[in-house]
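Colleague: Numbering (this note's numbering), first residue to last: 17 to 435. Note that CB positions come from ideal geometry on N, CA and C, so glycine has one too. Note that this is a predicted model, so its numbers are computed, not measured.
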Ligand SMILES: *Cc1c(COP(=O)(O)O)cnc(C)c1O
């Protein structure tokens with residue numbers, strides 16, 4: 017025994033201990049444009065009393081990596097500033113943020129209302145896990161507030177909102193839908209990924225209206241899109257204004273273990289300072305290309321809320337452009353869809369998409385690389401809720417940061433393939 021201990025000691029000296037517990041501390045006061053990135057599962061306490069006293073719910077200290085580090089706290093506060101909220105939790109994806117909200121606020125016997133044109137996986141969660149746990153859902157026509165009003169019952173505990181709808185891009189009368197939820201006392205959660213905190217203020221929808229701002233209760237944001245901007249990070253956020261509501265969501269967040277990686281948070285912190293200029297550049301290019309496609313004979317409908325004949329344009333104009341007109345009025349994301357004339361078959365439209373060189377085929381959006389996806393909308397919608405009026409195939413574009421002329425030339429050559 018003595019012999020063995022001697023062997024270990026001579027093999028190691030105390031170098032391995034020194035490599036773990038070395039007393040050197042770099043001088044304090046380092047500063048640089050990018051904040052440091054703090055990585056931890058374990059967080060170290062000064063003594064047992066400190067360990068017992070620490071409360072994971074508040075940002076006054078640290079308990080465990082899952083409950084926050086300086087890096088995640090910093091990102092949360094910047095996202096509160098972006099969206100105009102007071103509290104934020106981070107989740108491993110935008111969909112996890114949606115799931116966090118639904119699981120925190122819904123119990124067996126409750127009902128949730130979701131727009132028929134909502135982000136598909138939100139509806140799939142309701143149709144899968146929520147249904148299996150005895151939580152029912154109804155889809156509503158987001159373009160018709162009366163349809164929402166008529167579906168709210170005493171079992172309705174949550175209404176999801178999205179502006180514009182995913183893929184089909186109809187822009188709802190968001191203030192009207194929020195006012196309705198207020199009047200009926202139902203919590204409303206907005207998927208604010210498209211607006212990104214820039215196109216409109218989710219917690220002050222109609223500045224100057226009434227004594228209290230007209231606000232959503234919860235704003236969910238897929239940081240995967242514009243806040244990341246690189247197509248290389250998955251993350252989501254849940255921003256709120258009300259402390260009690262935040263704690264309810266935070267408690268579920270903790271129990272579900274929805275932590276985010278420090279390096280992912282670092283990437284988003286790195287990208288946030290350029291969010292506004294990138295959003296504006298995506299917007300400018302997307303509007304130009306959408307307007308140009310609107311003149312093409314192959315296209316019967318352009319779906320972009322800032323384009324005059326797009327469904328809900330007047331609601332976009334009121335909310336995001338302060339009622340102003342003009343090609344550059346207001347703000348919009350660099351995302352739009354077009355419907356091809358039904359003379360073009362699904363195979364023709366696939367050929368168009370395959371012929372594009374700069375627009376890559378891929379899901380998600382909001383990054384520097386332009387993307388395209390063809391969709392069969394009929395299979396995504398409930399004809400009894402909000403019938404889809406078009407026969408042709410829909411193609412969605414996410415406009416990246418390439419040269420606009422190159423993107424337009426790319427679209428033109430792919431359209432010519434169809435001739
Ligand atoms: C992409 C997206 C999400 C989900 O984000 P992920 O990080 O991919 O899970 C949610 N809502 C909308 C509107 C989206 O476009």
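At 3 residues or longer, and completely inside the region 34-96: list those beta strand (DSSP E) runs for me, N to C.
Modeller: With a minimum length of 3 residues, no continuous beta strand (DSSP E) run stays inside the region 34-96.
Colleague: Could you pull the start and end residues of the beta strand (DSSP E) that residue 131 belongs to?
Modeller: Taking the chain shown and counting its residues from 1, the one referred to as residue 131 is at position 115. Counting along the chain, the beta strand (DSSP E) containing residue 131 begins and ends at 127-131.
Colleague: Quick check on DSSP: helix, strand or coil for residue 308?
Modeller: Numbered from its first residue, the chain shown carries residue 308 at position 292. Helix at residue 308.
Colleague: Considering Cα atoms alone, identify which of 409, 227 and 189 is closest to residue 334.
Modeller: Here residue 334 refers to the residue found at position 318 of the chain shown. Minimum Cα distance to residue 334 is reached at 189.
Colleague: Please report the Cβ distance between residue 364 and residue 434, rounded to the nearest whole angstrom; I am assuming they are in contact, meaning their Cβ atoms lie under 8 Å.
Modeller: Sequence index remark: in the chain shown, residue 364 carries index 348 (1-based). Sequence index remark: in the chain shown, residue 434 carries index 418 (1-based). With 8 Å as the limit, residue 364 and residue 434 qualify as a contact, their Cβ atoms being about 6 Å apart.
Colleague: Which partner residues does residue 107 have in the DSSP bridge list?
Modeller: Here residue 107 is taken as the residue at index 91 of the chain shown, counted from 1. Note: residue 107 sits in a beta bridge opposite 252.
Colleague: At the level of alpha carbons, what is the spacing between residue 4 and residue 325?
Modeller: No statement about residue 4 is possible, as the shown extent of the chain runs from 17 to 435 and does not include it.
Colleague: Does DSSP put residue 18 in a helix, a strand or coil?
Modeller: By one-based count along the chain shown, residue 18 stands at place 2. Legend: pLDDT at residue 18 = 47, less than 50; position of this residue unreliable, value from coordinates given subsequently. Reduced to three states, the DSSP call for residue 18 is helix.
Colleague: Count Cβ pairs between the region 171-191 and the region 60-67 that sit closer than 8 Å; are there 3 or more?
Modeller: With a cut-off of 8 Å, the region 60-67 and the region 171-191 do not count as touching, because too few Cβ pairs lie within range.
Colleague: Do residue 184 and ligand 1 come close, with the Cβ less than 7 Å from some heavy atom?
Modeller: Here the question's residue 184 lines up with position 168 in the chain shown. Checking the Cβ of residue 184 against ligand 1 gives no.
Colleague: Have a look at residue 258 and residue 32 and give me their C-alpha separation to the nearest angstrom.
Modeller: As a position in the chain shown, residue 258 is number 242, starting the count at 1. As a position in the chain shown, residue 32 is number 16, starting the count at 1. Whole-angstrom Cα-Cα distance: 49 Å.
Colleague: So which of 97, 158, 356 and 243 has the shortest CA-CA distance to residue 220?
Modeller: Locating residue 220 in the chain shown gives position 204, where the first residue counts as 1. If we check each option's Cα against that of residue 220, 97 comes out closest.
Colleague: Throw me the rounded Cβ distance for the residue 323 and residue 207 pair, which I believe falls under 8 Å.
Modeller: For the purposes of this step, residue 323 is taken as the residue at position 307 of the chain shown. For the purposes of this step, residue 207 is taken as the residue at position 191 of the chain shown. Actually they are not in contact, since the Cβ atoms of residue 323 and residue 207 sit about 22 Å apart, beyond 8 Å.
Colleague: Under the assumption that residue 133 contacts residue 158 (Cβ atoms under 8 Å), give the Cβ distance between them as a whole number of angstroms.
Modeller: For the purposes of this step, residue 133 is taken as the residue at position 117 of the chain shown. For the purposes of this step, residue 158 is taken as the residue at position 142 of the chain shown. Rounded, the Cβ-Cβ distance is 6 Å, consistent with contact.
Colleague: Anything with a beta carbon under 5 Å from a heavy atom of ligand 1 counts; list them all in chain order.
Modeller: Taken from the N-terminal end onward, the list reads 109, 110, 111, 135, 207, 209, 238, 240 and 250.
Colleague: Based on Cα-Cα distance, which residue from 316, 378 and 276 lies nearest to residue 83?
Modeller: Counting from one through the chain shown, the residue named residue 83 turns up at place 67. Per the Cα distances, 276.
Colleague: From which residue to which residue does the beta strand (DSSP E) around residue 237 run?
Modeller: The residue given as residue 237 occupies position 221 in the chain shown. It spans 234-238 - the beta strand (DSSP E) in which residue 237 sits, taken as one unbroken run.
Colleague: Label residue 279 either buried or exposed according to how many other C-beta atoms from any shown protein chain fall within 10 Å of its C-beta, with 16 as the threshold for buried.
Modeller: The sequence position of residue 279 within the chain shown is 263, counting from 1. The residue in question, residue 279, is exposed, as its Cβ has fewer than 16 Cβ neighbours within 10 Å.
Colleague: Measuring alpha carbon to alpha carbon, tell me which of 217, 73 and 234 ends up nearest residue 198.
Modeller: Indexing the chain shown from 1 puts residue 198 at position 182. Out of 217, 73 and 234, 234 has the C-alpha closest to the C-alpha of residue 198.
Colleague: With burial defined as no fewer than 16 other Cβ atoms inside 10 Å of the residue's Cβ, what is the status of residue 375: buried or exposed?
Modeller: As a first step, residue 375 is located in the chain shown; it is residue number 359 there, counting from the start. By the 10 Å Cβ count, residue 375 comes out buried.
Colleague: Buried or exposed: which applies to residue 299, given that a residue is buried once 16 or more other Cβ atoms fall within 10 Å of its Cβ?
Modeller: Counting from one through the chain shown, the residue named residue 299 turns up at place 283. Per the 10 Å Cβ criterion, buried.
Colleague: Could you check the C-alpha separation between residue 301 and residue 240 for me, to the nearest Å?
Modeller: Within the chain shown, the letter at position 285 stands for residue 301. Within the chain shown, the letter at position 224 stands for residue 240. The straight-line gap from Cα to Cα measures roughly 21 Å.
Colleague: Would the region 386-402 and the region 261-271 be scored as touching if the rule is three or more Cβ pairs under 8 Å?
Modeller: Contact fails: fewer than three Cβ-Cβ distances are below 8 Å.
Colleague: Compare the Cα-Cα distances from residue 48 to each of 311, 286 and 34 and report the closest residue.
Modeller: Residue mapping note: residue 48 aligns to position 32 of the chain shown, counting from 1. It is 286 whose Cα lies nearest to the Cα of residue 48.
Colleague: What are the start and end residues of the beta strand (DSSP E) that includes residue 315?
Modeller: By one-based count along the chain shown, residue 315 stands at place 299. It spans 315-319 - the beta strand (DSSP E) in which residue 315 sits, taken as one unbroken run.
Colleague: From the DSSP output, read off the bridge partner residues of residue 203.
Modeller: Start at 1 with the first residue of the chain shown, and residue 203 comes out as number 187. Partner(s): 174.
Colleague: Quick check for students: name the residue ranges of the beta strand (DSSP E) that lie wholly in the region 358-431, counting only runs of 3 or more.
Modeller: The qualifying runs are 387-391 and 410-414.
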